[in-house]
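Participant: Numbering (our numbering), first residue to last: 70 to 260.
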Amino acid sequence: MINILMFGPPGSGKGTQSVTLAEKYNLLHLSTGDMLRAELAAGTPLGKKMEAIMAAGELVPDDVVIAMIAGKIDATTGKAGFIFDGFPRTVEQAEELQKMLEGRGMKIDLMLVLEVNDTELMDRMKKRALVSGRADDADENIINNRIAVYRAKTEPVIVFGRKAGVSRSVDGVGTIDDIFGRLCKEIETVI
Ligand code: B4P
Numbered sequence: 070m071i072n073i074l075m076f077g078p079p080g081s082g083k084g085t086q087s088v089t090l091a092e093k094y095n096l097l098h099l100s101t102g103d104m105l106r107a108e109l110a111a112g113t114p115l116g117k118k119m120e121a122i123m124a125a126g127e128l129v130p131d132d133v134v135i136a137m138i139a140g141k142i143d144a145t146t147g148k149a150g151f152i153f154d155g156f157p158r159t160v161e162q163a164e165e166l167q168k169m170l171e172g173r174g175m176k177i178d179l180m181l182v183l184e185v186n187d188t189e190l191m192d193r194m195k196k197r198a199l200v201s202g203r204a205d206d207a208d209e210n211i212i213n214n215r216i217a218v219y220r221a222k223t224e225p226v227i228v229f230g231r232k233a234g235v236s237r238s239v240d241g242v243g244t245i246d247d248i249f250g251r252l253c254k255e256i257e258t259v260i
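What follows is the structure, encoded as structure tokens:
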């Protein structure tokens, strides 16, 4: 089993690239953002509780996303591994994921860090706002808050990845196909 973390600031292309990478390498794509938006759309009690946090561009509590991920890992069969998109977003989530995988005889094999400057991030999310209907894409202040939350709470996970010897920086600016090629090159060093 191969386990890849797709990492980067909001709007860096994690979701975009994870879908096609999952297809190419027969991995299960696990996006905590998609899982949470599905709860919101279904109007579940959990979704209702998380709605305001997500709309403000803040992170939902660690225990909520950790429980979601654990459930998916245990229910999966027939895949060559997992691609974690938007998870872990805090050092605590990273440590929990490491424990979760080790407890199941697996490990984190690769952490792909997409590097994109803030101007480009803002531009992409504003464009996405026109079609996504996402409350957290619709307002420049909220986008700025998401970027600030990333720098304060999520970026420290890169240090975790470096210590584990699994993190690789990838230039996330360019065409979607070019970036896909750069990511595949990194993945092929570990499979
Ligand atoms: P996510 O769904 O993870 O949202 P995101 O950070 O904006 O990333 P996303 O994957 O959507 O964007 P992408 O870069 O693919 O999280 C949403 C919220 O859920 C969080 O703010 C938080 O509240 C909560 N949450 C989720 N996970 C959590 C966790 N682990 N812990 C706590 N809370 C959590 O794409 C951006 C746009 O750019 C797209 O429109 C795409 O078309 C475009 N794009 C992609 N590549 C491009 C390129 N090369 N050139 C031009 N445009 C490109």
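Yeah, the Cβ is synthetic: ideal placement off N, Cα and C, and Gly gets one too.
Enumerate in chain order the residues of its own chain whose CB-to-CB distance from M175 is below 7 angstroms, with the five nearest sequence positions on each side excluded.
Facilitator: Counted from its first residue, the sequence shown places residue 175 at position 106. Closer than 7 angstroms at the Cβ level, and outside the excluded window around M175, lie M70, N72.
Participant: Within the chosen definition, does the segment 169-187 reach the segment 101-114 through at least 3 CB pairs nearer than 8 angstroms?
Facilitator: No, the segment 169-187 is not in contact with the segment 101-114.
Participant: Alpha carbon to alpha carbon, what distance is there between H98 and A253?
Facilitator: The residue given as residue 253 occupies position 184 in the sequence shown. The residue given as residue 98 occupies position 29 in the sequence shown. Per the sequence shown, residue 253 should be read as Cys rather than Ala. Roughly 15 angstroms separates the two Cα atoms.
Participant: My assumption, with CB atoms under 8 angstroms, is that E255 sits in contact with L179. Please give the rounded CB distance.
Facilitator: Position 186 of the sequence shown, counted from the first residue, corresponds to residue 255. Position 110 of the sequence shown, counted from the first residue, corresponds to residue 179. Going by Cβ atoms, the distance from E255 to L179 rounds to 7 angstroms, so yes, they are a contact pair.
Participant: Please name the residue, chosen from A149, L181, A125, M194, that lies closest to F249 on a Cα-to-Cα basis.
Facilitator: If you number the sequence shown from 1, residue 249 lands on position 180. Closest option to F249, Cα to Cα, is L181.
Participant: What are the boundary residues of the beta strand (DSSP E) that S81 is part of?
Facilitator: Position 12 of the sequence shown holds residue 81. Run containing S81: none; DSSP gives neither H nor E here.
Participant: Could you check if I138 is buried or exposed, using at least 16 other CB atoms within 10 Å of its CB as the buried criterion?
Facilitator: Residue 138 sits at position 69 when you count from the first residue of the sequence shown. I138 is buried by the Cβ-count criterion.
Participant: Going by C-alpha to C-alpha distance, which of K93, I260, M119 sits closest to V133?
Facilitator: Looking up residue 133 in the sequence shown gives position 64. V133 has its Cα closest to that of M119, out of K93, I260, M119.
Participant: Buried or exposed: which applies to E165, given that a residue is buried once 16 or more other Cβ atoms fall within 10 Å of its Cβ?
Facilitator: In the sequence shown, counting from the first residue as 1, residue 165 sits at position 96. By the 10 Å Cβ count, E165 comes out buried.
Participant: Thinking C-alpha only, which one of V228, A149, A107, E108 is nearest A163?
Facilitator: Taking the first residue of the sequence shown as 1, we reach residue 163 at position 94. Closest option to A163, Cα to Cα, is V228.
Participant: Counting pairs of Cβ atoms below 8 angstroms between the segment 89-97 and the segment 143-155, do you hit three or more?
Facilitator: Short answer: they touch.
Participant: DSSP on F229, reduced to helix/strand/coil?
Facilitator: Here residue 229 corresponds to residue number 160 of the sequence shown, with the count starting at 1. F229 falls in the helix class under three-state DSSP.
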